[in-house]
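Following my numbering, the numbering of the sequence shown begins with 308 at its first residue and continues without gaps.
Yeah, the Cβ is synthetic: ideal placement off N, Cα and C, and Gly gets one too.
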Amino acid sequence: MTDALRALARKTAVAAAAVAVLGSTALVVPTHAAPTDLQPEDLPRGADIAIAHIEDGDFVQGERVVDVGGDRSTLIGRSGRSWLVGTSDVDGVGEFRIVRVGPDDSTTVIKRGISVFELTLSENGRFFVHMGRGTRRAVPIRVFSARTGELKAEKDFANYPEVVAMAGPSVLLSSWVATDLGVRSWDITTGAITRITRKPANIVDVGNNLLATYTKDPYMGGCVRLTLLSSPSTRLWKSCSERIVAFSPDGERMATVHILSDGIGPNEVQEREIDGTLLGDYSTGWFGAISFESNTDLLLEVNGDTLASTVRCSEGACENASDPVTVRNPRLSPALPAHRTGSVGPSRT
Numbered sequence: 308m309t310d311a312l313r314a315l316a317r318k319t320a321v322a323a324a325a326v327a328v329l330g331s332t333a334l335v336v337p338t339h340a341a342p343t344d345l346q347p348e349d350l351p352r353g354a355d356i357a358i359a360h361i362e363d364g365d366f367v368q369g370e371r372v373v374d375v376g377g378d379r380s381t382l383i384g385r386s387g388r389s390w391l392v393g394t395s396d397v398d399g400v401g402e403f404r405i406v407r408v409g410p411d412d413s414t415t416v417i418k419r420g421i422s423v424f425e426l427t428l429s430e431n432g433r434f435f436v437h438m439g440r441g442t443r444r445a446v447p448i449r450v451f452s453a454r455t456g457e458l459k460a461e462k463d464f465a466n467y468p469e470v471v472a473m474a475g476p477s478v479l480l481s482s483w484v485a486t487d488l489g490v491r492s493w494d495i496t497t498g499a500i501t502r503i504t505r506k507p508a509n510i511v512d513v514g515n516n517l518l519a520t521y522t523k524d525p526y527m528g529g530c531v532r533l534t535l536l537s538s539p540s541t542r543l544w545k546s547c548s549e550r551i552v553a554f555s556p557d558g559e560r561m562a563t564v565h566i567l568s569d570g571i572g573p574n575e576v577q578e579r580e581i582d583g584t585l586l587g588d589y590s591t592g593w594f595g596a597i598s599f600e601s602n603t604d605l606l607l608e609v610n611g612d613t614l615a616s617t618v619r620c621s622e623g624a625c626e627n628a629s630d631p632v633t634v635r636n637p638r639l640s641p642a643l644p645a646h647r648t649g650s651v652g653p654s655r656t
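Structure (structure tokens):
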């Protein structure tokens, strides 16, 4: 285990106490009433979105509104006192740019030709990682400076691994191929590669020491298992019907969708405590971005029958966090995976 990952063990004692309370938590099989149907026209108007986000193509943070250029924009996340935004053409298939928005509202294009949906921002916001083009035998994984776009490290990996996170100097890679099965850590300073688990990743939250993995292919009966990143044998929750798509900033809550959810986006989202306790169950035509605005407030991009808006929900109570607009017919694109569409960015500051 690298020093960066070993440092995460400091949180293990707190999480272990929670595990002791959970004991031998049984497999979670949701049994609850019908979900709350979210239609923007039926919801009251609440406060505007509190965290940084994209609105009408612009970067918005409180009273700040910054034109980042491009026809389509997606917030990547915070980098020091600045923010990174990805832009593209209107169809999301070309004219890719990575734009750095400074605290003085300045904008700098630090990289071109990389889609926002093909990169991962490091936990500390200093780097972003991109999987380049290659073959099954060798695909380059490149690490760039999030300040300048300068290439910092590059290494070829076989079998098209997925980049799931970056903690300090360690890039976490996940693979379904037998020879490389599971999650591995690549230290960009030493070049060392360390195996963390032989189970492929669902989602990783480095800051909160959380790792969700698949027990096997979910299309063949696989389940999702939530553990500590620093101790993959320490189970916090398990489900064979849901996968995790977001964690709250403090790591105490999570949002889940059906484990096989695909296409334009899920039509049902569950809000749960980290032990699986159900707090809210929401449905609509389809959901876009799913994230947490705070430790207790979930932000959902709702595409209802006739109207769309960003909706704020907490334990079953919901309100519009943006003005409803006419719902648009979704356009699928290879560059826009259904589970990563939308404009609401990471909630950590």
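Status (buried if at least 16 other CB within 10 Å, exposed otherwise) for Arg635: For the purposes of this step, residue 635 is taken as residue 328 along the sequence shown, with counting starting at 1. It is exposed - the Cβ of Arg635 has fewer than 16 other Cβ atoms within 10 Å.
- prompt: Val367 lies in the beta strand (DSSP E); which residues open and close that run?
  reply: Within the sequence shown, the letter at position 60 stands for residue 367. Its beta strand (DSSP E) spans residues 365-368.
Through-space distance from Ala596 to Val416, alpha-carbon basis: Position 109 of the sequence shown, counted from the first residue, corresponds to residue 416. Position 289 of the sequence shown, counted from the first residue, corresponds to residue 596. Roughly 24 Å between the two C-alpha positions.
- prompt: Residue range of the beta strand (DSSP E) that Arg444 falls in?
  reply: Start at 1 with the first residue of the sequence shown, and residue 444 comes out as number 137. That residue, Arg444, is in no beta strand (DSSP E); it is neither H nor E in DSSP.
query: Are there 16 or more other CB atoms within 10 angstroms of the CB of Ser540, so buried, or fewer, so exposed?
result: What you label residue 540 is simply residue 233 of the sequence shown in a count that begins at 1. Ser540 is exposed by the Cβ-count criterion.
- prompt: For Phe403, which of helix, strand or coil comes out of DSSP?
  reply: Counted from its first residue, the sequence shown places residue 403 at position 96. Here Phe403 sits in coil by DSSP.
field: Of the residues Thr584, Glu578, Asp612, the one placed nearest Trp593, counting alpha carbons only
entry: Against the sequence shown, residue 593 aligns to sequence position 286. Of the listed residues, the one whose Cα sits closest to Trp593 is Asp612.
query: Within 10 angstroms of its Cβ, does Leu482 collect 16 or more other Cβ (buried), or is it exposed?
result: Residue numbering aside, residue 482 sits at position 175 when the sequence shown is read from its first letter. First, the residue type needs correcting, since residue 482 is Ser and not Leu in the sequence shown. By the 10 Å Cβ count, Ser482 comes out buried.
message: Quick check on Thr381: buried or exposed, where buried means 16 or more other Cβ atoms within 10 Å of its Cβ?
response: Your numbering for residue 381 matches position 74 in the sequence shown. The residue in question, Thr381, is buried, as its Cβ has 16 or more Cβ neighbours within 10 Å.
- prompt: The beta strand (DSSP E) spanning Val490 covers which residue range?
  reply: The residue given as residue 490 occupies position 183 in the sequence shown. Per DSSP, Val490 belongs to the beta strand (DSSP E) from 489-494.
message: Tell me the DSSP secondary structure of Ala485 in three-state form.
response: Here residue 485 corresponds to residue number 178 of the sequence shown, with the count starting at 1. In this structure, Ala485 counts as helix in the three-state DSSP scheme.
- prompt: What span of residues does the beta strand (DSSP E) with Cys530 cover, start to end?
  reply: For the purposes of this step, residue 530 is taken as the residue at position 223 of the sequence shown. That residue, Cys530, is in no beta strand (DSSP E); it is neither H nor E in DSSP.
- request: Going by CA-CA distance only, name the one from Glu430, Ser538, Gly420, Glu370 that's closest to Gly387.
  value: The residue labelled residue 387 in the question sits at position 80 within the sequence shown. When each option's Cα is compared against that of Gly387, the closest is Glu430.
query: Is the distance from the Cβ of Arg532 to the Cβ of Lys545 below 8 Å?
result: Here residue 532 corresponds to residue number 225 of the sequence shown, with the count starting at 1. Here residue 545 corresponds to residue number 238 of the sequence shown, with the count starting at 1. Yes, they are a contact pair.
query: Below 8 Å between beta carbons: does that hold for Ser389 and Gly377?
result: One-based indexing of the sequence shown puts residue 389 at position 82. One-based indexing of the sequence shown puts residue 377 at position 70. It is not a contact, given that the beta carbons lie outside the stated cut-off.
task: Determine contact between the stretch 469-478 and the stretch 423-437, defined as no fewer than three beta-carbon pairs at a distance below 8 Å.
output: yes
- prompt: Under the rule that 16 or more other beta-carbon atoms within 10 Å means buried, what is Pro644, buried or exposed?
  reply: Translated into positions along the sequence shown, residue 644 becomes position 337. Any reading at Pro644 is ruled out, since the residue's pLDDT is 37, under 50, leaving its predicted position unreliable.
message: Using 8 Å as the threshold, is the C-beta distance between Ser616 and Asp604 below it?
response: If you number the sequence shown from 1, residue 616 lands on position 309. If you number the sequence shown from 1, residue 604 lands on position 297. Between Ser616 and Asp604, the C-beta gap is not smaller than 8 Å, which leaves the two residues out of contact.
query: Could you give the distance in angstroms between the alpha-carbon of Thr501 and the alpha-carbon of Arg352?
result: Within the sequence shown, numbered from 1, the residue matching residue 501 stands at position 194. Within the sequence shown, numbered from 1, the residue matching residue 352 stands at position 45. So the alpha carbons of these two residues sit roughly 49 Å apart.
message: Let me check one thing: in DSSP terms, what residues is Ser590 bridge-paired to?
response: Your numbering for residue 590 matches position 283 in the sequence shown. Answer is Asp344, Glu575.
task: Please name the residue, chosen from Val484, Asp557, Asp374, Lys459, that lies closest to Tyr467 on a Cα-to-Cα basis.
output: For the purposes of this step, residue 467 is taken as residue 160 along the sequence shown, with counting starting at 1. For the residues Val484, Asp557, Asp374, Lys459, the minimum Cα distance to Tyr467 belongs to Val484.
- request: Return yes when the Cβ of Ile383 is within less than 8 Å of the Cβ of Gly393, no when it is not.
  value: By one-based count along the sequence shown, residue 393 stands at place 86. By one-based count along the sequence shown, residue 383 stands at place 76. In this structure, Ile383 lies closer than 8 Å to Gly393 by Cβ.
query: DSSP three-state call for Asn636: helix, strand or coil?
result: Here residue 636 refers to the residue found at position 329 of the sequence shown. Correct three-state label for Asn636: coil.
- prompt: Count the other CB atoms within 10 Å of the CB of Pro253; is the residue buried (16 or more) or exposed (fewer)?
  reply: The question about residue 253 has no answer here: the residues shown for the chain are numbered 308 through 656.
message: Let me make sure I understand the geometry here. Which of Val408, Phe403, Gly441 has the alpha-carbon closest to that of Phe424?
response: The sequence position of residue 424 within the sequence shown is 117, counting from 1. Of the candidates Val408, Phe403, Gly441, the one whose C-alpha sits nearest the C-alpha of Phe424 is Phe403.
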